[in-house]
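Adding 194 to a residue's 1-based position in the first sequence gives its number in my numbering.
Glycine residues also receive a C-beta, built at the ideal position from the N, C-alpha and C atoms.
Structure record follows, encoded as structure tokens.
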Amino acid sequence: MESRNSQLLREMFDLLLGHFGPQNWWPGDTGLEMMVGAVLTQNTNWKNVQKAIENLKQKNLLSLEALKALSLEELAREIRPSGYYNIKAKRLRNLLGFLADRYEADLEQFLEDTTEALREGLLSVNGIGPETADSILLYAAQRPIFVIDTYTHRILYRHGMIGEEAGYYELQDLFMDHLPADPGFFNEFHALIVRLGKEYCRKVPRCDVCPLLQWGPMPPDSNTA
DNA sequence: CACCAGGCAAGTA
DNA sequence: TACTTGCATGGT
């Protein structure tokens, strides 16, 4: 019995794909664009991130050389629409420094490294946590890593598949231990989860009963007044 | 007007 | 170790 979780997750994916269709997420043109997007989207609507990225693109600043040449103030001004622009400018700067130190500022070199080394390195950068690191691994480097976010936690919790206190890696293992390691599949699944979260699985008290996935109980969030 | 968004780090006890 | 707070714009 290839575990009940495996069945649930596959059923979940089929329902979501059938209902929403393919999401075609992260249509970033380059690896660098997706890495920058991964940082800029921290706790931020993707639409705001697009504006920031568009600013960089229009001024031909979306390259390692051009970004490195910008002062922190200039960089912050360009990414202003993405919010938290001062701290995100620093974080992008930290990421650029990491690429320079470890990979000679060569994205090809970066993308050839092992998944384990990349992940460990990315997590050592101030401003890059588990989700940002995994987003870069999945989208930019196309590694079979499942990205966990707040929606994933909320949805699985409300459907009784995890405890409320479950951590990032507990959730990630749930997906990665029970599903085939396919980057395209992980990409689509994560995008569909976010889509479901946005439309149906919001915070209490604006939480509706999910119309798609009704196989489990749906407890409220205890820590949201 | 309030609330939220593909998080993370620093400060506090 | 376990909470709490700062970061900030733009859309509903």
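Residue i to residue j span [Cα, whole Å]
{"i": "Gln201", "j": "Phe369", "result": "11 angstroms"}
{"i": "Leu406", "j": "Leu386", "result": "12 angstroms"}
{"i": "Leu256", "j": "Ser197", "result": "45 angstroms"}
{"i": "Val429", "j": "Gln244", "result": "Summary: the structure shown does not reach residue 429, with the chain confined to residues 195 through 419, and so no result is reported for it."}
{"i": "Pro377", "j": "Ile342", "result": "14 angstroms"}
{"i": "Trp409", "j": "Tyr297", "result": "Unreliable positioning characterises Trp409 in this predicted model, as indicated by a pLDDT of 49, which lies under 50. The coordinate reading is nonetheless provided below. Distance between the alpha carbons of Trp409 and Tyr297 is about 47 angstroms."}
{"i": "His384", "j": "Ala263", "result": "35 angstroms"}
{"i": "Leu203", "j": "Leu373", "result": "8 angstroms"}
{"i": "Cys395", "j": "Asn288", "result": "34 angstroms"}
{"i": "Leu290", "j": "Ala299", "result": "7 angstroms"}
{"i": "Pro338", "j": "Tyr363", "result": "15 angstroms"}
{"i": "Ala270", "j": "Gly222", "result": "21 angstroms"}
{"i": "Gly357", "j": "Gly225", "result": "35 angstroms"}
{"i": "Asn249", "j": "Gln303", "result": "27 angstroms"}
{"i": "Lys253", "j": "Trp240", "result": "20 angstroms"}
{"i": "Met355", "j": "Ile330", "result": "27 angstroms"}
{"i": "Leu261", "j": "Gln217", "result": "30 angstroms"}
{"i": "Glu393", "j": "Leu210", "result": "12 angstroms"}
{"i": "Gln336", "j": "Asn280", "result": "29 angstroms"}
{"i": "Ala246", "j": "Asn320", "result": "21 angstroms"}
{"i": "Arg389", "j": "His213", "result": "11 angstroms"}
{"i": "Tyr278", "j": "Lys284", "result": "10 angstroms"}
{"i": "Glu359", "j": "Leu286", "result": "31 angstroms"}
{"i": "Cys404", "j": "Phe340", "result": "23 angstroms"}
{"i": "Lys282", "j": "Ile322", "result": "10 angstroms"}
{"i": "Asp367", "j": "Phe379", "result": "16 angstroms"}
{"i": "Asp295", "j": "Leu316", "result": "12 angstroms"}
{"i": "Glu272", "j": "Lys251", "result": "10 angstroms"}
{"i": "Ser318", "j": "Glu268", "result": "25 angstroms"}
Cβ distance (whole Å) where residue i is taken to contact residue j below 8 angstroms
{"i": "Ile293", "j": "Leu258", "result": "In the sequence under discussion, the amino acid at residue 293 is Leu, which differs from the Ile named in the question. Rounded, the Cβ-Cβ distance is 7 angstroms, consistent with contact."}
{"i": "Asn242", "j": "Pro275", "result": "5 angstroms"}
{"i": "Asn381", "j": "Leu305", "result": "Not quite, the Cβ-Cβ distance comes to about 16 angstroms (not below 8 angstroms), so this is no contact."}
{"i": "Leu365", "j": "Thr346", "result": "6 angstroms"}
{"i": "Met228", "j": "Ala334", "result": "4 angstroms"}
Spell out a yes or no on whether the segment 222-241 and the segment 322-332 are touching, meaning 3 or more CB-CB pairs, one atom from each, closer than 8 angstroms. yes
Counting beta carbon pairs with one atom in the segment 307-314 and one in the segment 346-353, are three or more of them shorter than 8 angstroms? no
Kindly provide the ranges of any alpha helix (DSSP H) runs that are 4 or more residues long and lie completely inside the segment 266-338, ordered along the chain. 266-272, 279-297, 301-306, 309-317 and 324-329
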